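Numbering (the numbering used here), first residue to last: 2 to 442.
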């Protein structure tokens with residue numbers, strides 16, 4: 002479909018104000034194609050108060066005229082909905098501009114924000130407000146759709162956002178914006194019509210999470226919104242790849258408080274609640290949102306029984322995780338350096354009880370801990386496991402916090418990567434076998 006979005010132009014002062022209806026009517030009458038019949042068909046797909054909308058720029062006037070001409074040239078079942086979409090999009094943009102002008106201080110914040118790279122200076126609350134009023138801007142800004150130096154156009158919508166296709170892969174890049182890294186999620190970046198995704202952590206095809214359900218229309222940094230699998234909320238970070246796996250076009254359309262209200266009252270919202278209730282019963286440790294709050298971190302650590310050096314390690318994890326929330330910054334250390342830093346912070350030494358890193362290519366094959374050695378893993382241990390990551394010959398390093406389900410191998414871990422710092426997450430230590438175990442002493 003043609004790009005439905007207007008390119009903003011500055012109108013001359015003498016441009017007469019016209020309504021959408023007057024421009025459409027004039028264009029239909031000049032076409033000579035049964036004006037009354039055609040106008041009646043148009044009004045069936047356009048709400049009257051949108052026809053009353055005033056057009057004050059040459060660009061908007063030309064857009065409606067050209068869209069009407071294209072609609073008249075097509076079959077009515079295709080042409081009229083096309084024109085309706087153009088008018089809906091224009092009305093939504095003008096509504097967003099009006100609402101934006103009423104947001105205290107937001108226009109001042111945007112002074113000097115001209116290129117994609119300028120967004121790194123904005124806080125998470127401002128970014129979420131921008132998405133509310135310029136839907137699609139976060140996908141445009143924080144994935145590989147656009148480059149750092151590309152100019153931002155807050156009045157245009159990305160075709161990729163409006164018409165997502167299953168199989169499309171997008172790499173996430175928060176461009177050094179630590180607030181976005183900590184709070185913006187896949188459900189903020191992607192259109193509500195995208196109902197399923199697969200996330201490849203660090204773009205690693207062997208480290209994938211496939212969503213079971215999308216909750217809500219947008220993330221908005223609210224617990225219970227976003228994409229979820231059996232381990233809970235699926236976070237995305239810089240370097241991750243998102244692959245679209247499910248699309249429901251019926252959920253596309255301008256977002257406003259009314260659309261959020263309709264969704265909250267729909268059967269779909271009731272099914273969302275049921276899904277989460279069942280998920281948290283099956284997995285009480287399932288992640289609720291992108292990053293845990295300080296209270297949630299404290300509660301998690303308070304639930305883990307540990308003594309002596311192990312307790313010191315967990316206290317170091319707790320302190321560093323909370324510091325990352327309070328003062329987010331880019332992390333230059335790799336996973337092993339982050340875990341080693343935790344041990345140094347705790348003031349403990351290392352005692353290696355198992356090591357076998359003779360990998361067969363990227364896969365460790367039979368070179369991994371036995372069931373008896375796995376039984377010796379305790380809170381505070383420093384583990385290496387076979388992540389099958391081509392960048393690190395399969396090795397990943399993390400601090401073991403506790404078993405979620407020892408029988409299936411699901412564990413709660415604390416680790417990090419270059420660029421994102423420490424985070425608490427889950428890992429299946431049967432699917433990703435342990436190749437080294439170190440205990441704190």
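Think of the CB as a built atom: it goes at the ideal place given N, C-alpha and C, for glycine as much as any other residue.
Fair warning: this is a prediction, and the values are worked out from it, not measured in the lab.
{"query": "Counting Cβ pairs, one atom from each stretch, are 3 or more of them under 8 Å apart for the segment 368-375 and the segment 273-288?", "result": "no"}
{"query": "Hey, would you say residue 87 sits closer than 9 Å to residue 57, going by beta carbons?", "result": "no"}
{"query": "Please classify residue 241 as buried or exposed, where buried requires at least 16 neighbouring CB atoms within 10 angstroms.", "result": "buried"}
{"query": "Taking the C-alpha atoms as reference points, what is the distance between residue 28 and residue 69?", "result": "7 Å"}
{"query": "Can you tell me the Cα-Cα spacing of residue 401 and residue 383, whole angstroms?", "result": "6 Å"}
{"query": "Reducing DSSP to helix, strand and coil, say where residue 61 ends up.", "result": "helix"}
{"query": "Output the distance between the C-alpha atoms of residue 51 and residue 21, rounded to the nearest integer angstrom.", "result": "7 Å"}
{"query": "Rounded to whole angstroms, what's the CA-CA distance from residue 227 to residue 64? Just pull it up for me.", "result": "35 Å"}
{"query": "Taking its Cβ as the centre, do 16 or more other Cβ atoms sit within 10 Å of residue 187, making it buried, or is it exposed?", "result": "buried"}
{"query": "So residue 206 is in the beta strand (DSSP E); what residue range does that whole segment cover?", "result": "That residue, residue 206, is in no beta strand (DSSP E); it is neither H nor E in DSSP."}
{"query": "Can you give the Cα-Cα distance for residue 312 and residue 215, rounded to whole angstroms?", "result": "37 Å"}
{"query": "Would you list the residues sitting across from residue 424 in a DSSP beta bridge?", "result": "416"}
{"query": "Residue 185 and residue 139 - do their beta-carbons sit closer together than 9 Å?", "result": "yes"}
{"query": "When you compare only the Cα positions, how much space is there between residue 166 and residue 85?", "result": "22 Å"}
{"query": "Going by DSSP in three states, residue 275 sits in which element: helix, strand or coil?", "result": "helix"}
{"query": "Along the alpha helix (DSSP H) that carries residue 386, what are the first and last residues, could you check?", "result": "No alpha helix (DSSP H) holds residue 386; the beta strand (DSSP E) holding it covers 383-387."}
{"query": "Measuring only from the beta carbon, is residue 383 closer than 8 Å to any heavy atom that is part of the ligand GDP?", "result": "Looking at this structure, you won't find the ligand GDP or any other ligand, since it has none at all."}
{"query": "What are the boundary residues of the beta strand (DSSP E) that residue 247 is part of?", "result": "242-248"}
{"query": "Could you pull the start and end residues of the alpha helix (DSSP H) that residue 434 belongs to?", "result": "Looking at the DSSP string, residue 434 is not in any alpha helix (DSSP H), and its letter there is neither H nor E."}
{"query": "Check whether the segment 261-278 touches the segment 304-320, taking contact to mean three or more Cβ pairs, one atom from each stretch, closer than 8 Å.", "result": "no"}
{"query": "Just the Cα atoms here: how many angstroms apart are residue 449 and residue 303?", "result": "Only positions 2 to 442 of the chain appear in the structure, and residue 449 is not among them; the question remains open."}
{"query": "Just to confirm, is the Cβ distance from residue 180 to residue 128 under 9 Å?", "result": "yes"}
{"query": "Hey, is the segment 334-354 in contact with the segment 411-426, meaning 3+ C-beta pairs nearer than 8 Å?", "result": "yes"}
{"query": "Which one or two residues does DSSP pair with residue 1 in a beta bridge?", "result": "Outside the shown range of the chain (2 to 442) lies residue 1, about which nothing can therefore be said."}
{"query": "If I follow the unbroken alpha helix (DSSP H) through residue 129, where does it start and stop?", "result": "125-134"}
{"query": "Near residue 202, what residues of its chain come up, given a Cβ to Cβ distance below 6 Å and the 5 sequence neighbours on each side ignored?", "result": "208 and 241"}
{"query": "What separation, rounded to the nearest whole angstrom, lies between the Cα atoms of residue 366 and residue 395?", "result": "11 Å"}
{"query": "Starting from the C-beta of residue 307, find all residues in its chain whose C-beta is less than 7 Å away, skip the five residues before and the five after it, and write them out in chain order.", "result": "315, 380 and 381"}
{"query": "Hey, out of 332, 125, 405 and 351, whose CA is closest to residue 222's CA?", "result": "125"}
{"query": "Who are the near neighbours of residue 328 in its chain, counting only those whose CB is closer than 6 Å to its CB and skipping five residues on each side?", "result": "none"}
{"query": "With DSSP run on the structure shown, which of helix, strand or coil describes residue 442?", "result": "coil"}
{"query": "Do you know how far the Cα of residue 370 is from the Cα of residue 293?", "result": "31 Å"}
{"query": "Can you give me the start and stop residues for the alpha helix (DSSP H) that residue 263 sits inside?", "result": "258-265"}
{"query": "Express the C-alpha separation of residue 119 and residue 172 in angstroms, rounding to a whole number.", "result": "19 Å"}
{"query": "Do you know how far the Cα of residue 123 is from the Cα of residue 149?", "result": "15 Å"}
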